[in-house]
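For the protein sequence lines, the chains are A and B, in the order given.
Note that this note's numbering gives residue 105 to position 105 of the first sequence, counting from 1, and the numbers run on in steps of one.
Note that this note's numbering gives residue 43 to position 43 of the second sequence, counting from 1, and the numbers run on in steps of one.
Virtual Cβ for every residue (Gly too), placed ideally from N, Cα, C.
Just so you know, these numbers come straight off a predicted model, no measurement behind them.
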Amino acid sequence: EPEVTQTPSHQVTQMGQEVILRCVPISNHLYFYWYRQILGQKVEFLVSFYNNEISEKSEIFDDQFSVERPDGSNFTLKIRSTKLEDSAMYFCASSGRTNQPQHFGDGTRLSIL
Amino acid sequence: KNEVEQSPQNLTAQEGEFITINCSYSVGISALHWLQQHPGGGIVSLFMLSSGKKKHGRLIATINIQEKHSSLHITASHPRDSAVYICAVATGNYGGSQGNLIFGKGTKLSVKP
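Here it is in structure tokens:
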């Protein structure tokens, strides 16, 4: 069965550094999402992406965050200047249509030192 | 006030027991999702529903739109069902992006042999 894959599984970065989290959505999916889960807390929506542009974004997704689909397969989340509070598990998801379930990747654990 | 409330927060059951997890929400929704989060962190979509009832194997999900309530049932529970079960609601227009999911805090289920 097709999967959403995320790399790396764990990223450790110094505060203030830029980090790029990578996702390969399921190949025929059109809608892409990023979520984050701070340890011990609930999952939070960051951004959705369709037709090469952001569809929706949350208050968390400020100017430090950006997303890109640089080619036909990858979907990336960039954090420009990381803060300690960016430490979290980041999940990528994709769906074929809006009325279909989202498929999640296994997540990237981001640790900011 | 949380827009999505789940109960119970923690649930311990004996193998074979019938389990019910509840979800109440306070916003208008286009769809409701039930997700399973494994101890390692990965998230799997179990159901996406906007009305009525869905069944998959030993899992049943129901939703009452008028009462803004959904339940997830597990019949003949098994230790491998041990996980965190998360309710999430999509508030976007059904024809548009459903990415702005609002998540509950999850119900941690432990099934003892």
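- If you ignore the 5 residues before and after Ala-76/B, its C-beta comes within less than 7 Å of the C-beta of Gly-16 and Arg-58, all in its own chain and listed in chain order.
- Taking 8 Å as the cut-off, the Cβ atoms of Ser-51/B and Pro-101/A do not count as close.
- Within a 10 Å sphere around the beta-carbon of Asn-100/B sit 16 or more other beta-carbons, which makes this residue buried.
- Here Val-24/A is not near Gln-11/A, since their CB atoms are 8 Å or more apart.
- In the three-state reduction of the DSSP assignment, Arg-36/A falls in the strand class, which pools E and B.
- Interface criterion met: the Cβ of Gln-102/A is under 8 Å from a Cβ in chain B.
- By the CB criterion at 8 Å, Phe-91/A and Tyr-35/A fall inside the cutoff.
- Residue burial annotation: Phe-103/B is buried, with at least 16 other C-beta atoms found within 10 angstroms of its C-beta.
- For the pair Leu-32/B and Ser-71/B, the CB atoms are not nearer than the 8 Å cut-off.
- With contacts defined by Cβ atoms closer than 8 Å, Gln-6/B and Ile-29/B do not form a contacting pair.
- Taking a beta-carbon distance threshold of 8 Å, Phe-61/A does not count as an interface residue toward chain B.
- By the neighbour-count definition (other C-beta atoms within 10 Å, threshold 16), Asp-62/A is an exposed residue.
- The alpha-carbon separation between Met-15/A and Leu-21/A amounts to approximately 16 Å.
- Rounded to the nearest whole angstrom, the CA to CA distance from Phe-49/A to Gln-37/B is 23 Å.
- Here DSSP, grouped into helix, strand and coil, assigns Leu-110/A to strand.
- Of the other Cβ atoms in all chains shown, fewer than 16 fall within 10 Å of the Cβ of Leu-113/A; this residue is therefore exposed.
- Assignment of beta-bridge partners to Phe-49/A by DSSP yields Phe-32/A and Ile-54/A.
- As DSSP reads the structure, Ile-29/B sits in no beta bridge.
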